[in-house]
Every structure is written in C-alpha cells, then in structure tokens.
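> My questions will all concern the structure given below.
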Amino acid sequence: MYGVLMSEAVTQLSTVTAKASAEPTLDHVDTNAAIVFVDMSGYTALTEIHGDHVAAQFAEDFAGMAGEALGPGDELIKTMGDAVMVTSADAPAALAFLRRLGVAARRAEGFPMLRAGLSAGTVVRRRGDVFGTIVNAAARLAALAAPGRIVFGRDVAAAAADLGLPVEALGLVSIRNMANRMELFAVDIGEEHQQHVDPMCRLHVTAASAAITRSRDGRTYRFCSAACADRFDTRARFASESSVAE
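Numbering (the UniProt record's numbering), first residue to last: 1 to 246.
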C-alpha cells in the first residue's frame, strides 16, 4: 500500500510540475512586497464565551475594517477566520497600514486587540494570491506577537526606526518550521499595547464601557458583560478552593 501511495504522489507531483511549467509566465510572477498577517487576539476565548454568531460578526467587521484601512498600493489578499493577509509595496507602507488599522480597532468600542506579523522581500504572485518564504514568516511572526504589537525581522526594524517608531528588540527567537533562529523586533499598534481587556473574552474594555468591575489583589479588572464576570468569579473561587485543599 505504501508503494502505491508513493507512486500516486510522484505522479501527482509530476503533473503539477508539468502544469506549472506550461502556464504563462505572467500568471506566476516574482515581485517585491511586504506581507502582513494580522488577527484578533483572544478570538478563541471570545468565541467560546459569546458564541459562534457573535464571533462571526466580529470577523466580518474586522475584514471590513481592514479594507477601509488600505492605502495606495495595499491589497487585501485574503481573510482567514479572524485573520487577514495584506500586501503592501514596502515595509513603511505596511507599517502605515497597520497603524491605521490599529487606530480603527481602538476606536471601535469593545473590539478585540490586534496583533500582527510583518515580513518583506520577494514573493510569488499567482492568480490573486501570494506565496513564498516571507509569507510563511509573516504568519509565524503574527502567532508570536503579543496583543497590540507588530513583530518583524531586522530588515523591517530599520524601516520602522527610520519612521521614528520606538522599536523594541526581542532577541534571537526559534520559529516553528524555520531552520534558523530569527532576530526579532516589535512596535506597538497605535498609541500603546498595554490596555484594559476583559480577562475572560479578551475584548478591549474602557472604563466607560465596562459592564462590571472586580478587584483582586490590588488590581481592577473590567468586564464586558455579567457572563464574563461570573466566569471570572468561578475561576477565582475554584483557584481558592484548590489552594486550600493543598
């Protein structure tokens, strides 16, 4: 069975390679671009607490928000659940797009915080999509980003510094499915990244929009709803009971 499967796989690969070689060059173009992956932080928790329909609406709103934040030369390539992939002409243009998007998200009351990965270099454009090592890198960097932050490599860091953005060095970091460690840097999306978020669903909650607050160990927590506050109380009670039992 293994030999049969391998034979079929080789045949399929040969067919794909032959088709790719036979197709017009203009359908398979190398170009320089900056690749942005940006998603909503805490989307899984949001979905679990508020339900699939609310989560789907957030994803739709986010895609629309990203489209409105596009600048000249920016292109929304695709949406993937709670994430979007955008191409820009270069790193400065990509950073400008992300900062516009961050401002829009902050102005939308009760919207999740964003996080992003950014990489720049050569990509392959094919039928409205983009492929290449830097595409994969941007996706991996987005997964490493803290809420409210953009993560990127040294090449983008130089562009960010030239724009006067405060760049933080994160050091050499191992990235899944990439052979070598990468020197990473980060900047905030918008004014700052340390904002009040509901600790249960991860939505951004301002002092004015908080439905309920709780104080624990000298810290005030804001909640978007009674449901999130109840979950927080239950978790705190369970932790207290477990501590006593030990």
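Heads up, the beta-carbon is just placed ideally off N, CA and C, and yes, glycines get one too. Just so we're clear, the structure is a prediction, and the values are computed from it rather than from any experiment.
Opposite isoleucine 150 in the DSSP bridges: which residues?
On the sequence shown, position 150 is the one that residue 150 refers to. Note: isoleucine 150 sits in a beta bridge opposite Ala116, Val187.
> Using 8 Å for Cβ pairs, my map puts leucine 231 next to methionine 182. What's the rounded Cβ distance?
Residue mapping note: residue 231 aligns to position 231 of the sequence shown, counting from 1. Residue mapping note: residue 182 aligns to position 182 of the sequence shown, counting from 1. Position check: residue 231 holds arginine in this sequence, whereas leucine was assumed. In fact, because the Cβ distance is near 37 Å, the residues do not count as touching under 8 Å.
> My output table needs one value for arginine 235: the three-state DSSP class, helix, strand or coil.
Taking the sequence shown and counting its residues from 1, one reaches residue 235 at position 235. Looking at arginine 235 - three-state DSSP - the assignment turns out to be helix.
> From which residue to which residue does the beta strand (DSSP E) around phenylalanine 223 run?
Translated into positions along the sequence shown, residue 223 becomes position 223. Here the beta strand (DSSP E) through phenylalanine 223 covers 219-223.
> Check phenylalanine 62 in the structure and name its three-state DSSP category.
In the sequence shown, residue 62 corresponds to position 62, counting from 1. Residue state, collapsed to three classes: helix.
> Is it buried or exposed, alanine 93, if we count other Cβ atoms within 10 angstroms and call 16 or more buried?
Indexing the sequence shown from 1 puts residue 93 at position 93. With 16 or more Cβ atoms within 10 Å of its Cβ, alanine 93 is classed as buried.
> The ligand ADP and alanine 210: does the residue's C-beta get closer than 7 Å to at least one heavy atom of that ligand?
The ligand content of the structure shown is nil, which means the ligand ADP is not present either.
> Can you check DSSP and say which residues form a bridge with isoleucine 49?
As a position in the sequence shown, residue 49 is number 49, starting the count at 1. BP columns for isoleucine 49 are empty, so no partner.
> Check the DSSP bridge columns for asparagine 180 and list the partner residues they point to.
As a working note, residue 180 is residue 180 in the sequence shown. For asparagine 180, which the question treats as bridged, DSSP gives no partner whatsoever.
> Compute the distance between the beta-carbons of leucine 98 and alanine 116, then report whether it is under 8 Å.
Taking the first residue of the sequence shown as 1, we reach residue 98 at position 98. Taking the first residue of the sequence shown as 1, we reach residue 116 at position 116. Yes; because the gap between Cβ atoms is below 8 Å, this pair is in contact.
> Grab me the residues of glutamate 168's own chain with a C-beta within less than 8 Å of its C-beta, minus the 5 sequence neighbours each way, in chain order.
Start at 1 with the first residue of the sequence shown, and residue 168 comes out as number 168. Hits under 8 Å: Phe185, Ala186, Val187.
> Given this structure, state the Cα-to-Cα distance separating lysine 78 from glycine 102, to the nearest angstrom.
The residue labelled residue 78 in the question sits at position 78 within the sequence shown. The residue labelled residue 102 in the question sits at position 102 within the sequence shown. Looking at the two C-alpha atoms, the distance is approximately 19 Å.
> Going by the CB atoms, is the gap between leucine 95 and leucine 163 shorter than 8 Å?
Here residue 163 is taken as the residue at index 163 of the sequence shown, counted from 1. Here residue 95 is taken as the residue at index 95 of the sequence shown, counted from 1. For leucine 163 and leucine 95, yes; Cβs fall inside 8 Å.
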